[in-house]
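Have a look at the structure below, then the notes.
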């Protein structure tokens, strides 16, 4: 296959080993080629302009501009950019953030070789892709309310081991107000205590521990 | 109307590899009815469900704005609510829109599930069906799938009405347009139905296959002339 007919791929990940692994898998395929590698969202923007890849494989957690911000920026300047998230985060909230930002696919780094190749080809053809377990997680959690920015802030401070009084002090709010926030958070997550709330929120990608 | 006699499965290697072959293949296993061979791919009607069928890829065709679970019914139960994916706008059902779900959980037996948009049900035409079939076949070839199982629309009763014939022909035409231009060989394509509709659906499909075969040949001549 001629070079110009191949699906050009840009890998964006701050871990060189990951990039090398993806390159090793992709380069066994005659219809796929790596056109560039970037270690940050900022570098990805520049390389996209230079190489105009057909598909971008994007990590979420990177120094500087994170993956979701990079997806938003790329799609703003290139609305037809086809982006697949390749991440370790299996939470439905992170997946939804990335998909709403414009990602066409969401794949876990634990994916099988064939799954990665299928995803690249499917997304290049205009399709969307999700691991079934993430689709299930999104489907199961879709009816529940998302946490507000303030609720996320409160829960993040709770996850760091702060009491309601300490959280209140940090945010300039009364202890009773924080108690109220925790009640709402527990209700939204369907749990009865703060430990469980932190566990669920971390698993779904609402907060980072 | 074409007729397939009863008898054991007889499948010649390489049969029909250059195009459609209606004759030469006879099968009457329980729950499966052969339709024909299309560029080396054996088309058949199979009484099975999307979530139980043992295939490399299960394809579900869904209408836009459809609130009925239809062919997704079983998948809905297993995956936990695809309706929610619609509300999250991950699954639109617009014509040609696709969502690939990899590594589906047990008891789904297919290696992956591809959901294909059929567009608004009230504006479905043979041309839109052909487009959806073409998109599906394109994804199948890109994924280098060997055995595909597909079910479109509502499932029960699909494909047995008088009006289904041009749509079934369009399905064959759409698949043919892709399989005829690729070196990858899809060896089996199962069109799923419910057991009570099996024979009627197979009969309709064989007629549609014959129609599409003739139309395909004429189209080929036109292409060469131009």
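Chains as they are written, first to last, in my numbering: chain A, 1 to 209; chain B, 1001 to 1226. Every residue, glycine too, gets a C-beta built ideally from N, C-alpha and C. From a predicted model like this one, the values you see are computed outputs, not experimental measurements.
Practice prompt. Would you mind sorting residue 1105/B into buried or exposed? The rule is 16 or more other CB atoms within 10 Å of its CB.
Written response: By one-based count along the second chain, residue 1105/B stands at place 105. With fewer than 16 other Cβ atoms from the protein chains shown falling within 10 Å of its own Cβ, residue 1105/B counts as exposed.
Worksheet item: For residue 201/A, which residues of its own chain have a beta-carbon under 6 Å away from its beta-carbon, when the five flanking residues on both sides are left out?
Response: What you label residue 201/A is simply residue 201 of the first chain in a count that begins at 1. Cβ within range, chain order: 155, 207.
Worksheet item: Which residue's Cα is closest to the Cα of residue 194/A: 204/A, 169/A, 183/A?
Response: Numbered from its first residue, the first chain carries residue 194/A at position 194. Residue nearest to residue 194/A within the set 204/A, 169/A, 183/A is 183/A (criterion: CA-CA distance).
Discussion item. Whole angstroms are fine: how far does the CA of residue 27/A sit from the CA of residue 36/A?
Written reply: Residue 36/A sits at position 36 when you count from the first residue of the first chain. Residue 27/A sits at position 27 when you count from the first residue of the first chain. Cα to Cα, residue 36/A sits roughly 13 Å from residue 27/A.
Worksheet item: How would you call residue 96/A, buried or exposed, if buried means at least 16 neighbouring beta carbons within 10 angstroms?
Response: Position 96 of the first chain, counted from the start, is the residue given in the question as residue 96/A. With 16 or more other Cβ atoms within 10 Å, it is buried.
Item to complete: Kindly identify the DSSP beta-bridge partner or partners of residue 1044/B.
Response: Taking the first residue of the second chain as 1, we reach residue 1044/B at position 44. For residue 1044/B, which the question treats as bridged, DSSP gives the partners 1034/B, 1190/B.
Worksheet item: Since residue 1098/B contacts residue 1116/B with CB under 8 Å, what's their CB separation in whole angstroms?
Response: Here residue 1098/B refers to the residue found at position 98 of the second chain. Here residue 1116/B refers to the residue found at position 116 of the second chain. Between residue 1098/B and residue 1116/B, the beta carbon gap of about 5 Å places them in contact (Cβ cut-off 8 Å).
Discussion item. Check whether the stretch 89-107 of chain A and the stretch 62-76 of chain A are in contact - that is, three or more C-beta pairs closer than 8 Å.
Written reply: Yes: the two stretches touch, three or more of their Cβ pairs being nearer than 8 Å.
Worksheet item: Taking contact to mean at least 3 C-beta pairs separated by less than 8 Å, is the stretch 162-169 of chain A in contact with the stretch 111-131 of chain A?
Response: Here the stretch 162-169 of chain A does not lie against the stretch 111-131 of chain A, with fewer than 3 beta-carbon pairs under 8 Å apart.
Worksheet item: DSSP three-state call for residue 89/A: helix, strand or coil?
Response: If you number the first chain from 1, residue 89/A lands on position 89. Of the three classes helix, strand and coil, the one that applies to residue 89/A here is coil, per DSSP.
Practice prompt. Please classify residue 118/A: is it buried, with 16 or more other beta-carbons within 10 angstroms of its beta-carbon, or exposed?
Written response: Start at 1 with the first residue of the first chain, and residue 118/A comes out as number 118. Classification of residue 118/A: buried, given that the 10 Å Cβ count is 16 or more.
Worksheet item: From residue 1091/B to residue 12/A, what does the alpha carbon distance come to, in whole angstroms?
Response: Locating residue 1091/B in the second chain gives position 91, counting from the first residue. Locating residue 12/A in the first chain gives position 12, counting from the first residue. Distance between the alpha carbons of residue 1091/B and residue 12/A is about 26 Å.
Worksheet item: Hey, out of 1214/B, 1185/B, 1166/B, 1186/B, whose CA is closest to residue 1129/B's CA?
Response: The count along the second chain starts at 1 and reaches residue 1129/B at position 129. The residue with the shortest Cα to Cα distance from residue 1129/B is 1166/B.
Worksheet item: Does the separation of the CB atoms of residue 141/A and residue 191/A fall below 9 Å?
Response: Residue numbering aside, residue 141/A sits at position 141 when the first chain is read from its first letter. Residue numbering aside, residue 191/A sits at position 191 when the first chain is read from its first letter. For residue 141/A and residue 191/A, no; Cβs fall outside 9 Å.
Worksheet item: Between the stretch 1135-1156 of chain B and chain A, which residues of the former have CB atoms less than 7 Å from a CB of the latter, in chain order?
Response: Cβ contacts with chain A: 1138, 1139, 1142, 1143.
Practice prompt. State the DSSP-derived secondary structure class of residue 134/A, mapped to helix, strand or coil.
Written response: The sequence position of residue 134/A within the first chain is 134, counting from 1. Helix, per DSSP.
Discussion item. Using the three-state DSSP reduction, which class does residue 7/A fall into: helix, strand or coil?
Written reply: Translated into positions along the first chain, residue 7/A becomes position 7. Look at residue 7/A here: in three-state DSSP terms it is strand.
Worksheet item: Among 1203/B, 1195/B, 1100/B, 1134/B, which one has its Cα closest to the Cα of residue 210/A?
Response: Outside the displayed range of chain A (1 to 209) lies residue 210/A, so it cannot be described from this structure.
Worksheet item: Which runs of the beta strand (DSSP E) fall wholly inside the stretch 1101-1157 of chain B and span at least 3 residues, in chain order?
Response: Qualifying beta strand (DSSP E) stretches, in chain order: 1112-1120, 1147-1152.
Worksheet item: What whole-angstrom Cβ distance do residue 1172/B and residue 1212/B have, given they're in contact under 8 Å?
Response: Within the second chain, the letter at position 172 stands for residue 1172/B. Within the second chain, the letter at position 212 stands for residue 1212/B. Between residue 1212/B and residue 1172/B the Cβ distance is about 4 Å, and since that is below 8 Å, they are a contact.
Discussion item. In chain order, what are the residue ranges of uninterrupted beta strand (DSSP E) at least 3 long that sit wholly in the stretch 27-96 of chain A?
Written reply: Taking only runs of at least 3 residues, the beta strand (DSSP E) segments lying wholly in the stretch 27-96 of chain A are 32-38, 55-58, 83-87.
Discussion item. Using a Cβ-Cβ distance cut-off of 9 Å, determine whether residue 77/A contacts chain B.
Written reply: Looking up residue 77/A in the first chain gives position 77. No, because no Cβ of chain B sits closer than 9 Å to the Cβ of residue 77/A.
Worksheet item: Within 10 angstroms of its Cβ, does residue 1185/B collect 16 or more other Cβ (buried), or is it exposed?
Response: Along the second chain, one-based indexing puts residue 1185/B at 185. Counting C-beta atoms within 10 angstroms of its own C-beta, residue 1185/B has fewer than 16 neighbours from the protein chains shown and is therefore classed as exposed.
Worksheet item: Just checking my contact of residue 7/A with residue 31/A at CB under 8 Å: how many whole Å lie between their CB atoms?
Response: Within the first chain, residue 7/A is the residue found at index 7, counting from 1. Within the first chain, residue 31/A is the residue found at index 31, counting from 1. A Cβ-Cβ separation of about 6 Å places residue 7/A in contact with residue 31/A under the 8 Å criterion.
Fill in: residue 1172/B - DSSP class collapsed to helix/strand/coil
Here residue 1172/B refers to the residue found at position 172 when the second chain is read from its first residue. Secondary structure of residue 1172/B (DSSP, three-state): helix.
Practice prompt. Reducing DSSP to helix, strand and coil, say where residue 156/A ends up.
Written response: Here residue 156/A corresponds to residue number 156 of the first chain, with the count starting at 1. Three-state result, residue 156/A: helix.
Worksheet item: Whole-angstrom Cβ separation of residue 82/A and residue 59/A, contact assumed at under 8 Å?
Response: Taking the first chain and counting its residues from 1, the one referred to as residue 82/A is at position 82. Taking the first chain and counting its residues from 1, the one referred to as residue 59/A is at position 59. The distance from the Cβ of residue 82/A to that of residue 59/A is about 16 Å, inconsistent with a contact at the 8 Å cut-off.
Item to complete: Would you check if the stretch 1173-1184 of chain B and the stretch 1138-1154 of chain B touch, i.e. whether three or more CB-CB distances between them fall below 8 Å?
Response: The stretch 1138-1154 of chain B, when compared against the stretch 1173-1184 of chain B, does touch it at the 8 Å Cβ threshold.
Worksheet item: Can you name the residues of chain B whose CB is closer than 8 Å to the CB of residue 14/A?
Response: By 1-based counting over the first chain, the position of residue 14/A is 14. Going along chain B, no residue has its Cβ under 8 Å from residue 14/A, so there is no contact; the nearest lies around 25 Å.
Item to complete: Determine the extent of the alpha helix (DSSP H) in which residue 1064/B is found, giving its start and end residues.
Response: What you label residue 1064/B is simply residue 64 of the second chain in a count that begins at 1. Careful: residue 1064/B lies outside any alpha helix (DSSP H), inside the beta strand (DSSP E) at 1057-1064.
Worksheet entry | Best match in 1180/B, 1202/B, 1045/B, 1039/B for proximity to residue 1149/B [C-alpha to C-alpha] | In the second chain, counting from the first residue as 1, residue 1149/B sits at position 149. Checked all of 1180/B, 1202/B, 1045/B, 1039/B; the closest Cα to residue 1149/B is 1045/B.
Item to complete: Name, please, each residue of chain B whose Cβ falls closer than 9 Å to the Cβ of residue 115/A.
Response: On the first chain, residue 115/A is found 115 positions in, with the first residue counted as 1. The answer, in chain order, is 1102, 1103, 1112.
Discussion item. Are the CB atoms of residue 1137/B and residue 1061/B within a distance shorter than 9 Å?
Written reply: Here residue 1061/B refers to the residue found at position 61 of the second chain. Here residue 1137/B refers to the residue found at position 137 of the second chain. Not a contact, by the Cβ cut-off of 9 Å.
Worksheet item: Are the CB atoms of residue 1112/B and residue 138/A nearer to each other than 9 Å?
Response: Mapped onto the second chain, residue 1112/B falls at position 112. Mapped onto the first chain, residue 138/A falls at position 138. The answer is no: Cβ separation not under 9 Å.
Worksheet item: What distance in whole Å lies between the Cβ atoms of residue 23/A and residue 91/A, which are believed to be in contact at a cut-off of 8 Å?
Response: In the first chain, counting from the first residue as 1, residue 91/A sits at position 91. In the first chain, counting from the first residue as 1, residue 23/A sits at position 23. So it is not a contact: roughly 27 Å between Cβ atoms.
Item to complete: Anything in the stretch 41-54 of chain A with a Cβ closer than 8 Å to a Cβ of chain B? List those residues in chain order, please.
Response: Answer set for the stretch 41-54 of chain A: empty.
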